[in-house]
Structures are given as structure tokens and as C-alpha cells.
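Inspection log for the structure reproduced underneath, given as C-alpha cells.
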Amino acid sequence: MTASRAPIQFVYFGKLPSRGDFLRSSSASTPLVQTLDRWMSRTMELMASDPRWKQVYDEAPPAQFAFLGARRTVGLAGHLMPSHDASGRRYPFIVAGSFDVPEPASFLGTSPLTLSGLWTRLEQASQLAHACEDADGIHDALAKAEQQLHQPLPVPTPHFQEFLQTQSLASLEALLGDGRPLSSLRQTLLALGLLLQPVLTHGAARLERGVMLPLVKDPLYRPFIAAFWLDLIAGFVRRSALELGIFVTRTQGTPILIVGFNGACPRSLRTVFDPQSCSHDNIEFSRSDWVERSVDTDYGLKKLSSYLRDPQLTLSQARQTFRETFLGV
-15 MTASRAPIQF VYFGKLPSRG DFLRSSSAST PLVQTLDRWM SRTMELMASD PRWKQVYDEA
45 PPAQFAFLGA RRTVGLAGHL MPSHDASGRR YPFIVAGSFD VPEPASFLGT SPLTLSGLWT
105 RLEQASQLAH ACEDADGIHD ALAKAEQQLH QPLPVPTPHF QEFLQTQSLA SLEALLGDGR
165 PLSSLRQTLL ALGLLLQPVL THGAARLERG VMLPLVKDPL YRPFIAAFWL DLIAGFVRRS
225 ALELGIFVTR TQGTPILIVG FNGACPRSLR TVFDPQSCSH DNIEFSRSDW VERSVDTDYG
285 LKKLSSYLRD PQLTLSQARQ TFRETFLGV
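Going letter by letter, the sequence shown gives residues -15 to 313 in my numbering.
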């Protein structure tokens, strides 16, 4: 007999084309909504300092997001859509839910897989509300969505492990390339480890920028690849109190994963809306040949680099050697 799943705390707020006023859920006075509203408002203030912000905003993609930490027993997942009210005043529409995370350290790495279903339902609710032409329709769509949202269940470890064991560096690079030029996956993995290594001793003090990593258009593989990247990142923050801001979105039509290290940071959200700030405030790995200067200075790096030259190396083997090199585990 399957146990019933606990509901999540569902909230929504923002602007929709069919409404002239600001739309809020009945729980608008909760600290959760106030935090999200403050985050969004400060982001809009940042954007408004750029004369071209309206054009940038109108061209911005929707995004799935989450705030999670290795020591945080409450998580948040949501979907945001650039929107406006009936008078054309711009402000996003957000649907989100908070939930308990009993084992946050193990939840974090595979969270893109665990949250995939919840993100999909939140996105559908947002799209339905955006398409409604009257207040009753919006209310009904969101009320129905709330009834269908439940505590996300962690993905069984074997599912993720099977993906890691059946995919190789060559197959992952082919998936990520999708017909486009892509830098060496070997260099990307080396660069990611080298950039995050200071977190082990200094926390996020030296991480003023987030990281931007490639995903795929195929929705079946996308959460697995996002989990692969986030699992590598999670190893560096497992002992810290950092809250990660996780965004699955697009830039110039290409799916990407953005990970910030300061929770609900307005600068992180601005990078989702604005491609120019995205490349300025996030580290991306299309040009990572600088790692070659570091490889010969360290035995562990040289070993990892050598292993990563094998296109048939499984992702499971790559992950293990990466963890041995940078985390000592």
C-alpha cells in the first residue's frame, strides 16, 4: 500500500495579461511570498538601470528554479515567466512551492531529477493561468494545480547510477553538442573542479559569479544531465551552509543550467533574463583551454586529465575520478 504524499506550500503572484492588478495567492502574507517578491522586485530594479531593459525583458525565456542547500531541510522549487498586466506593465508571474527535505545533502545532487515532475506541473499551471481571459478561469486553473502538487520523492539511486554507467564521455559530448561546436568535455570537467576547489576551504567568499553549464534540448535527458553537473558541484558544498540558486532556462535558444551560490540573489536572476549579464556574472566553459597550464603541476590532475581523454570512459568512472582528484573521496 502506497503512503499518501504530503502537500507542498503552494504560492503564486505576479502579473498576467488578462488582469489589471497584481495577482497574489491567499497566502500572500507568508514569509515565503514576501521573500520571493523582494527577490523579484530587486531584480527588476537591477534590470531597469539598463536603458534596453524592456526589450531584454520581452525577449527573456521562462525558467525553472530551485533554492536548495546541503544543510537546509526546506527546499523551494518554482517556475517564473516574464509577463505583464492588461496595461502592459511588466512583472513576471511566479508559481512555486516549498517542501521538506529530510536528507538535504543527498537530495541536492540529484535534485533536477527529483524536481522534474514538480517543475513540469508548475510550468503547466503557469501556462494555463497565462492563457486564461478571466479571473475565475485563473483561479480555477491555479486551484486545480495546487491539488495536484505533492512532496517530491527522491529519485531512486539506481536510476541515476544506471544513467552514469550507460553513458560515456563520447555519448554525453554528442548529446550536448547537438550539431553545434562544443569545447572539450575534458576541459570543462577540469575547469569546473579547479574553479570550485576553493569552496572547500573558503566557502563562497571567492565565488562572486555563478556557473553556467550546457544542457540538451531532449526533455528526457535534460534532467539527467543537469543532475550530473549538480552532483559534481554538490560535492564541494556538502559541508557548508550555502544555499544554491538553481535555474534551468535557455540562452539564445540553447538549454542551460545556471547555479548561483548566494540563494535568492537578484544578480543571479538577472542573468536568467539578460544574456549579456549572463555571460558577465556567470562562468561558462566554452573556452577552458587555460586548464592545460595547471594539469602538469599536479599528479591528480594529470591522472584525471589522462582518464578524461578516453571517449569511452563512462560517466560513472569520470565522476569517481573527479571526486578522488578534487574531493579526496
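Cβ coordinates follow ideal geometry from the N, Cα and C atoms, glycine included.
task: Would you kindly report the start and end of the unbroken alpha helix (DSSP H) that includes residue 144?
output: Counting from one through the sequence shown, the residue named residue 144 turns up at place 160. Segment 141 to 150, the alpha helix (DSSP H) holding residue 144.
- prompt: Which residues in the same chain as residue 8 place their Cβ atom closer than 8 Å to its Cβ, once the five residues preceding and following it in sequence are excluded?
  reply: Counting from 1 along the sequence shown, the entry for residue 8 is found at position 24. Taken in chain order, the residues that qualify are -4, -3, 17.
- request: Apply the 10 Å Cβ neighbour rule to residue 273 and answer buried if 16 or more other Cβ atoms are within range, or exposed otherwise.
  value: Locating residue 273 in the sequence shown gives position 289, counting from the first residue. By the 10 Å Cβ count, residue 273 comes out exposed.
field: Ranges of the beta strand (DSSP E) found wholly within the segment 209 to 251, counting only runs of at least 3
entry: 228 to 235, 238 to 244
message: By the three-class DSSP mapping on this structure, what secondary structure does residue 53 have?
response: Sequence index remark: in the sequence shown, residue 53 carries index 69 (1-based). Residue state, collapsed to three classes: coil.
- request: Starting from residue 283, trace the alpha helix (DSSP H) both ways and give me its first and last residue.
  value: Start at 1 with the first residue of the sequence shown, and residue 283 comes out as number 299. Secondary structure note for residue 283: its alpha helix (DSSP H) is the uninterrupted segment 283 to 291.
- request: For residue 38, collect the residues of the same chain with a Cβ closer than 6 Å to its Cβ; drop the 5 residues on either side in sequence, then sort them by chain order.
  value: For the purposes of this step, residue 38 is taken as residue 54 along the sequence shown, with counting starting at 1. So no residue of the chain qualifies.
query: Over what stretch of residues does the beta strand (DSSP E) that includes residue 198 continue unbroken?
result: Taking the sequence shown and counting its residues from 1, one reaches residue 198 at position 214. Residues 194 to 198.
- request: Could you pull out every unbroken beta strand (DSSP E) segment of at least 3 residues lying fully inside the segment 30 to 108, listed in chain order?
  value: 47 to 52, 58 to 65, 77 to 84
Sufficient close CB pairs (3 or more, under 8 Å) joining the segment 269 to 284 to the segment 166 to 180: The answer is yes - the segment 166 to 180 touches the segment 269 to 284, with three or more Cβ pairs under 8 Å.
At least three beta-carbon pairs within less than 8 Å, the segment 247 to 264 to the segment 113 to 126: no
- prompt: If you pair each beta-carbon of the segment 145 to 152 with each one of the segment 279 to 291, do three or more pairs fall below 8 Å?
  reply: Flag = no, the segment 145 to 152 and the segment 279 to 291 do not touch.
With 16 other Cβ atoms within 10 Å as the buried cut-off, status of residue 197: One-based indexing of the sequence shown puts residue 197 at position 213. Residue 197 should be labelled buried.
task: In the DSSP assignment, find the beta strand (DSSP E) that holds residue 6 and state where it starts and stops.
output: Numbered from 1 along the sequence shown, position 22 holds the residue referred to as residue 6. Note, residue 6: premise wrong, no beta strand (DSSP E); not H, not E.
message: DSSP has residue 268 in a bridge; who is on the other side?
response: Within the sequence shown, the letter at position 284 stands for residue 268. DSSP lists 196 as the beta-bridge partner residues of residue 268.
field: Residue(s) in a DSSP beta bridge with residue -2
entry: As a first step, residue -2 is located in the sequence shown; it is residue number 14 there, counting from the start. The partner list for residue -2 (beta bridge, DSSP) reads 7, 77.
task: Check the DSSP bridge columns for residue 131 and list the partner residues they point to.
output: Locating residue 131 in the sequence shown gives position 147, where the first residue counts as 1. Residue 131 pairs with nothing; no bridge assigned.
query: Just the Cα atoms here: how many angstroms apart are residue 305 and residue 138?
result: Mapped onto the sequence shown, residue 305 falls at position 321. Mapped onto the sequence shown, residue 138 falls at position 154. Using only the alpha carbons, I get a separation of about 25 Å.
- prompt: Leaving out the 5 sequence neighbours to the left and right, which residues in its chain are closer than 8 Å to residue 165 when beta-carbon positions are compared?
  reply: For this step, residue 165 is matched to residue 181 along the sequence shown. In this prediction, residue 165 has a pLDDT of 48, which is less than 50 and means its spatial position is unreliable; what the coordinates show is noted afterwards. Excluding residues within five positions, none has a Cβ falling inside 8 Å.
- prompt: Roughly how many angstroms lie between the CA atoms of residue 235 and residue 253, to the nearest whole one?
  reply: In the sequence shown, counting from the first residue as 1, residue 235 sits at position 251. In the sequence shown, counting from the first residue as 1, residue 253 sits at position 269. Each residue's CA atom was taken as its position, placing residue 235 and residue 253 some 13 Å apart.
- prompt: By a C-beta neighbour count over all protein chains shown, 10 Å radius and 16 as the cutoff for buried, is residue 203 buried or exposed?
  reply: Along the sequence shown, one-based indexing puts residue 203 at 219. Looking at its Cβ environment, which holds fewer than 16 other Cβ atoms inside 10 Å, residue 203 is exposed.
task: Closer than 6 Å by C-beta to residue 333: which residues in its own chain qualify, once you throw out the five before and the five after it? Chain order, please.
output: Outside the shown range of the chain, which is -15 to 313, sits residue 333, and nothing can be said about it.
- request: Determine contact between the segment 98 to 108 and the segment 22 to 41, defined as no fewer than three beta-carbon pairs at a distance below 8 Å.
  value: no
query: Who are the Cβ neighbours of residue 244 in its own chain at under 6 Å, not counting the five residues just before and after it?
result: Here residue 244 is taken as the residue at index 260 of the sequence shown, counted from 1. So the list reads 194, 229, 252, once near-sequence residues are dropped.
task: To the nearest angstrom, report how far apart residue 84 and residue 91 are at their CA atoms.
output: Against the sequence shown, residue 84 aligns to sequence position 100. Against the sequence shown, residue 91 aligns to sequence position 107. So the two alpha carbons sit approximately 11 Å from each other.
- prompt: Looking at C-alpha atoms only, which residue of 180, 290, 248 is the closest neighbour of residue 153?
  reply: Residue 153 sits at position 169 when you count from the first residue of the sequence shown. That would be 290, whose Cα lies nearest to the Cα of residue 153.
message: Measuring alpha carbon to alpha carbon, tell me which residue in 29, 279, 103 is nearest residue 51.
response: The sequence position of residue 51 within the sequence shown is 67, counting from 1. Here the closest residue by C-alpha is 103.
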